[in-house]
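One structure is given below, encoded as structure tokens.
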Amino acid sequence: MSSPTSSHPRILLLTHPRSASNLLVRILNLPFQPDFSSPPFGGYPFFPAYQTIMSTVHGLYLKPVSTWTEAERAMVRLSYEECVRKLDSIVNEAEKMGKGVFVKDHSGFCAEPVALERLSLRAIRAEIRKESGEGAEVLEEEEEGEEEEDIWTITQPTASPSQEGSETPTHHNPLNTTPLPDPSLLTWTPTFLIRHPALAYPSYHRALNTKTNTTPMHKLAPGCTLAYTRSLYEFFSSRYHTQQPPILLAASDIINPDTSPALLSHYCNLIGLDATKLTYTWSAATSADLEKMPDVAVLMTKSLQASQGVLREKGGDEDVDVDVEVAKWKEEFGVERAGVLEVWCRESLGDWEWLWERRLRVPEMAV
């Protein structure tokens, strides 16, 4: 496995929407970790590129990547390059201070276009065809006419050359769904965070659909799958060989007061954070605090900002009954939207169970 030229660790927290990632970052108390630097809210370095593709203004997600014009491809590539430069600047600033770096992003949001196409965009177009009354055969004809697209690769300047002689600096395994080539991505030590789909997906829908805003269901699709998380977990696992597998945390273990302290102390020891800095209580955000935050951050952290500590009543991934949850969604969101959420949830259960079995535990925790 490759390692950075610097001795300062690079931790990459790979999550999905509504997986309690903001809560985890709050508990880790990153601004007060002496040996680490972390950008506000974890950074989300690749979100701008994701927004470029998913923007209704450009409509790029509505057509196969291979049909994008040269101008569209240049626009997207520039966006990815800017994201990589942002990530590089985060690393450089931390290393200038003699610190490691802790960065967060959603697995689906940091996907390169070909992976995004394969795991989400084709399904989105199929859903749109269905909503508009067009038959699936129209989409099938379009997909059959697609040219095969190469994986998009953007090199990170601070990445060290690969230590595996069979790889070139731009080698890109299909399991690596990010735009970074394998040697660049392997300079990062990953932590994965998951939450049961039947809890995370409706929460994501709830956050993006308010009295003043309605988000089309297909726009939620890349955030309502665990396919990116599993693919990246398998990628990193294949490179660890005889070493310990990648760290994977479950949201319910973080929220549960019987497991969280021991688990997160152990986690801190594994990655180099100071476990004495962990905090489970804090002051609620003031109006002045909220005014300084980006709108999307306020939207996605509303409950956390209003809280004064971990909301213990939430969690319980292992006890979720999908049928019971679906009945609740029908009452809250309507039959049609509940049906879409149910499909996404059930499609994700296999990945969730596979990942759940690989979550980090400590001796104090029950299997």
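In the working numbering, each residue carries its 1-based index in the sequence shown increased by 56. Virtual Cβ for every residue (Gly too), placed ideally from N, Cα, C. Computed from a predicted structure; not experimentally measured.
Residue j beta carbon less than 9 Å from that of residue i
i	j	result
PRO95	VAL159	yes
GLY115	ASP161	no
VAL376	LEU255	yes
LEU79	THR285	no
GLY164	HIS72	yes
TYR106	LEU172	yes
SER83	VAL366	Inspection of the sequence shows that residue 83 is occupied by Ile rather than by Ser. Taking 9 Å as the Cβ cut-off, ILE83 and VAL366 qualify as a contacting pair.
LEU249	LEU319	no
ILE311	ALA76	yes
CYS401	CYS280	yes
TRP385	LEU397	yes
TYR260	ILE180	no
THR332	VAL418	no
ALA263	ARG74	yes
VAL113	PHE97	no
LEU68	THR245	yes
HIS64	VAL170	no
ASN265	PHE389	yes
When the options are compared against residue i, the one with the closest alpha-carbon
i	options	result
THR123	ASP206, ALA105, GLY164	ASP206
LEU334	PRO317, GLY328, ILE327	PRO317
ALA182	PRO120, ASP91, TYR257, TYR136	PRO120
LYS275	THR247, ILE184, LEU231	ILE184
ARG393	PRO258, VAL147, LEU304, VAL132	PRO258
GLY395	SER63, ALA130, VAL378	VAL378
PRO90	PHE97, ALA150, TYR117, VAL113	ALA150
GLY328	LYS155, LEU242, LEU416, TRP412	LYS155
THR226	PRO239, ASN232, THR233	PRO239
PHE103	GLU137, PHE92, LEU241, GLU126	GLU137
ASP144	PRO101, ASN265, HIS64, THR245	PRO101
SER293	SER321, LEU241, THR125	LEU241
THR211	ASN265, VAL157, PRO278, LEU134	LEU134
GLU16	SER308, LEU175, THR270	Residue 16 is absent from the model: the chain starts at 57 and stops at 423.
LYS186	PRO237, TYR336, MET273	MET273
ALA277	ASP309, VAL399, THR337, SER308	VAL399
TYR336	PRO313, THR125, ASN325	PRO313
Anticipated Cβ contact below 8 Å, residue i with residue j, distance rounded
i	j	result
VAL235	ARG414	In the sequence under discussion, the amino acid at residue 235 is Pro, which differs from the Val named in the question. Contact flag wrong, Cβ pair sits at about 25 Å.
VAL132	ARG66	Incorrect: roughly 25 Å between the Cβ atoms, too far for contact.
HIS228	THR209	5 Å
LEU416	TYR323	6 Å
MET153	SER111	About 35 Å; that fails the 8 Å criterion.
LEU288	THR233	6 Å
LEU231	GLU168	Actually they are not in contact, since the Cβ atoms of LEU231 and GLU168 sit about 12 Å apart, beyond 8 Å.
Cβ-heavy atom distance, residue i to the ligand MG, below 8 Å
i	result
TYR323	Summarising the ligand content, the structure contains no ligands, and the ligand MG is consequently not present.
TODO: Report the residue ranges of all alpha helix (DSSP H) runs contained in full by the stretch 89-154; include only those spanning at least 4 residues, in chain order.
DONE: Within the stretch 89-154, the complete alpha helix (DSSP H) segments at least 4 residues long are 103-110, 126-152, listed from N- to C-terminus.
Open item on the list: Please give the ranges of any alpha helix (DSSP H) in the stretch 230-304, keeping only runs that are unbroken, at least 4 residues long and fully inside the region.
Closed with: 238-241, 253-264, 283-296, all fully within the stretch 230-304.
Task: Whole runs of the alpha helix (DSSP H) within the stretch 379-420, excluding any shorter than 4 residues - done: Here the runs fully enclosed are 391-412.
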